[in-house]
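S.K.: The opening residue of the sequence shown carries number 33 in my numbering; numbering runs sequentially from there.
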Amino acid sequence: MLHEAPIGNVVMIKKLSISNFKSVRQLDIDCKKVNLFIGEPNTGKSNILEALALLSWCGQSGQEPLSNYVRFELMQYLFYDGLVADQSVKIRISTKEINPTGISVTFATDSYNFRKWGSESSFRGVNSRGQIQGSSSDFGHTKDIKFFRFKNLAKYNDKEPGPLKPPNGTNLFSVVFGSEILRNTMVEFYRKYGLKVVMRQHEGVFELQKEVNGLVFNYPYTLTSDTLRRIIFYTVAIVSNKDSVLVFEEPESNAFPYYTKYLGERIALDKTNQFFIATHNPYLLSAVIEKARKEEVQVFITYFKDFQTWVKPLMPDQVAELMEADPFFNMDRFTEEGE
Numbered sequence: 033m034l035h036e037a038p039i040g041n042v043v044m045i046k047k048l049s050i051s052n053f054k055s056v057r058q059l060d061i062d063c064k065k066v067n068l069f070i071g072e073p074n075t076g077k078s079n080i081l082e083a084l085a086l087l088s089w090c091g092q093s094g095q096e097p098l099s100n101y102v103r104f105e106l107m108q109y110l111f112y113d114g115l116v117a118d119q120s121v122k123i124r125i126s127t128k129e130i131n132p133t134g135i136s137v138t139f140a141t142d143s144y145n146f147r148k149w150g151s152e153s154s155f156r157g158v159n160s161r162g163q164i165q166g167s168s169s170d171f172g173h174t175k176d177i178k179f180f181r182f183k184n185l186a187k188y189n190d191k192e193p194g195p196l197k198p199p200n201g202t203n204l205f206s207v208v209f210g211s212e213i214l215r216n217t218m219v220e221f222y223r224k225y226g227l228k229v230v231m232r233q234h235e236g237v238f239e240l241q242k243e244v245n246g247l248v249f250n251y252p253y254t255l256t257s258d259t260l261r262r263i264i265f266y267t268v269a270i271v272s273n274k275d276s277v278l279v280f281e282e283p284e285s286n287a288f289p290y291y292t293k294y295l296g297e298r299i300a301l302d303k304t305n306q307f308f309i310a311t312h313n314p315y316l317l318s319a320v321i322e323k324a325r326k327e328e329v330q331v332f333i334t335y336f337k338d339f340q341t342w343v344k345p346l347m348p349d350q351v352a353e354l355m356e357a358d359p360f361f362n363m364d365r366f367t368e369e370g371e
């Protein structure tokens, strides 16, 4: 396991190293409790998070397709410049409590082999389209790294309560049903609209209900606001997971500013998890920076140079300077200073 003590006692990823993954040729960064990646489109923010998503997939059973975690058409596209014969993908994490660990992905004939850092034997192999071949085991060292991506599911078939499962929360219904806190949280999201939450336990389905003139009408959960369903998804991920590394890619997408601020504050005030988040949203960014302790937040500006992804970590005074105006119109001078 990655965490041997509560992350509330600050057991978390301290260093992240990525080599030859998508647009990332080489990246070595120091991490804090909340790590925020901002930058222009096509600079590689998502690729950094997907490197962690790859670790997340390796830490699970492999029942979920790799394509649910990482975007690709062919495995070759996961390698920098597609050079599978000359290099391997390497992703490594370090904490204070355990020795550096990670994975490497290498190409051999007609298979891509996943190996534990420093090992010659593979624990999982996939074909060119990322489908598992032969026997497969999980990489337990990274099972607490959990990559989440919101997906509009009509039904939640996984009946296991407890933590929300990556990447798409297929057990979201069971997680909410099994927690009084999360039941009440979900009820509060819809109470202001006069709607009641209906939980059809045997089907694993949410519905929304309204009453008019003595008549009761039920509506599919999927027809309600994308903003609310998305914020509920990420809220459940935060509340139900403990002592984990949570990876969110633009969790505020399509969300109304009030709820974006709400989510940012949940992230900032959470005591038990570490976060890696890519965002384009000033409301999320400012909410995290305002509510979290300064020493617990690291803002990275990503930029694209020489056909590869680079990052510029900002010092606390630079973050304050960045936030004086619209931060997303004020990034260039910080990356220029770092060159």
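Ideal Cβ positions, reconstructed from N, Cα and C, are used throughout, including at glycine. As the structure is a prediction and not an experimental result, all values here were calculated from the model.
With a CB to CB cut of under 7 Å and the five nearest residues on each side skipped, what residues in its chain are close to Asn189?
M.R.: Numbered from its first residue, the sequence shown carries residue 189 at position 157. Excluding positions up to five away in sequence, the list reads Thr202, Gly236.
S.K.: Need the endpoints of the alpha helix (DSSP H) that Asn79 sits in, please.
M.R.: For the purposes of this step, residue 79 is taken as the residue at position 47 of the sequence shown. Unbroken alpha helix (DSSP H) run through Asn79: 77-90.
S.K.: Assuming the contact rule is C-beta atoms closer than 8 Å, Asp170 and Gln92 should be a hit. Round their C-beta distance to whole Å, please.
M.R.: Counting from one through the sequence shown, the residue named residue 170 turns up at place 138. Counting from one through the sequence shown, the residue named residue 92 turns up at place 60. About 6 Å; that satisfies the 8 Å criterion.
S.K.: On the three-state DSSP scale, how would you describe Gln108?
M.R.: Here residue 108 is taken as the residue at index 76 of the sequence shown, counted from 1. Helix.
S.K.: How close, in whole Å, do the beta carbons of Phe280 and Tyr266 come, if the pair is a contact with beta carbons under 8 Å?
M.R.: Position 248 of the sequence shown, counting from 1, holds the residue named residue 280. Position 234 of the sequence shown, counting from 1, holds the residue named residue 266. Contact holds; Cβ gap of about 6 Å.
S.K.: So is Glu239 buried or exposed if we call it buried at 16+ other beta carbons inside 10 Å?
M.R.: Within the sequence shown, the letter at position 207 stands for residue 239. So Glu239 ends up on the buried side.
S.K.: Which whole runs of the beta strand (DSSP E) in the region 266-351 are 3 residues long or more, in chain order?
M.R.: Segments of the beta strand (DSSP E) lying fully in the region 266-351: 277-281, 306-310, 329-337, 340-345.
S.K.: Going by other Cβ atoms of all chains shown within 10 Å of its Cβ, with 16 needed for buried, is Ser153 buried or exposed?
M.R.: In the sequence shown, the residue the question calls residue 153 occupies position 121. Exposed is the call here.
S.K.: Identify, in the order they occur along the chain, each residue of the same chain with its Cβ nearer than 7 Å to the Cβ of Leu317, setting aside the five sequence neighbours on each side.
M.R.: The residue you call residue 317 lines up with position 285 of the sequence shown. Contacts found: Leu68, Ile70, Thr311, Pro359.
S.K.: Evaluate Asn305 with the Cβ neighbour count: other Cβ atoms within 10 Å of its Cβ, from every protein chain shown; 16 or more gives buried, anything less gives exposed.
M.R.: For the purposes of this step, residue 305 is taken as the residue at position 273 of the sequence shown. With 16 or more Cβ atoms within 10 Å of its Cβ, Asn305 is classed as buried.
S.K.: With DSSP as the reference, identify every bridge partner of Arg261, one or two as the case may be.
M.R.: The count along the sequence shown starts at 1 and reaches residue 261 at position 229. BP columns for Arg261 are empty, so no partner.
S.K.: Tell me the rounded alpha-carbon separation between Pro73 and Leu81.
M.R.: Stepping through the sequence shown from its first residue, residue 73 is reached at position 41. Stepping through the sequence shown from its first residue, residue 81 is reached at position 49. Straight-line Cα distance between these residues: approximately 14 Å.
S.K.: Using only the alpha-carbon positions, how far apart do Leu185 and Thr254 sit?
M.R.: The sequence position of residue 185 within the sequence shown is 153, counting from 1. The sequence position of residue 254 within the sequence shown is 222, counting from 1. Taking the straight line joining both Cα atoms gives about 7 Å.
S.K.: Name the residue from Ile135, Asn273, Gly226 whose alpha carbon lies nearest to the alpha carbon of Val244.
M.R.: Here residue 244 is taken as the residue at index 212 of the sequence shown, counted from 1. Here the closest residue by C-alpha is Gly226.
S.K.: Between Met355 and the rest of its own chain, which residues show a CB-CB distance below 7 Å, the 5 nearest in sequence each way excluded?
M.R.: Within the sequence shown, numbered from 1, the residue matching residue 355 stands at position 323. Here the set comprises Ser318, Ile321.
S.K.: In whole angstroms, what separates the C-alpha of Pro198 from that of Ala269?
M.R.: One-based indexing of the sequence shown puts residue 198 at position 166. One-based indexing of the sequence shown puts residue 269 at position 237. Approximately 9 Å, taken between the alpha carbons.
S.K.: Arg124 and Lys47: beta carbons closer than 9 Å?
M.R.: Position 92 of the sequence shown, counted from the first residue, corresponds to residue 124. Position 15 of the sequence shown, counted from the first residue, corresponds to residue 47. Against a cut-off of 9 Å, the Cβ pair of Lys47 and Arg124 comes out as a contact.
S.K.: List the residues that DSSP assigns as beta-bridge partners of Met231.
M.R.: Position 199 of the sequence shown holds residue 231. Its beta-bridge partners are Phe238.
S.K.: Does the beta carbon of Asp258 fall short of 8 Å from some heavy atom of the ligand SAH?
M.R.: In the structure on display, the ligand SAH does not appear, and there are no ligands present to speak of.
S.K.: Just verifying my parser: in three-state terms, what is the DSSP assignment at Asp113?
M.R.: Mapped onto the sequence shown, residue 113 falls at position 81. Of the three classes helix, strand and coil, the one that applies to Asp113 here is helix, per DSSP.
S.K.: Rounded to whole angstroms, what is the Cα-Cα separation between Ala352 and Lys65?
M.R.: Translated into positions along the sequence shown, residue 352 becomes position 320. Translated into positions along the sequence shown, residue 65 becomes position 33. Near 18 Å, if we compare the C-alpha coordinates of Lys65 and Ala352.
S.K.: Could you please give me the residues that DSSP links to Ser15 through a beta bridge?
M.R.: Missing from the structure shown is residue 15; the chain here goes from 33 to 371 and no further.
S.K.: Classify Pro195 as buried or exposed, calling it buried when 16 or more other Cβ atoms lie within 10 Å of its own Cβ.
M.R.: The count along the sequence shown starts at 1 and reaches residue 195 at position 163. Its Cβ being crowded by 16 or more others within 10 Å, Pro195 is buried.
S.K.: Throw me the rounded Cβ distance for the Ile263 and Ala287 pair, which I believe falls under 8 Å.
M.R.: Within the sequence shown, numbered from 1, the residue matching residue 263 stands at position 231. Within the sequence shown, numbered from 1, the residue matching residue 287 stands at position 255. Sure, about 6 Å apart at Cβ, within 8 Å.
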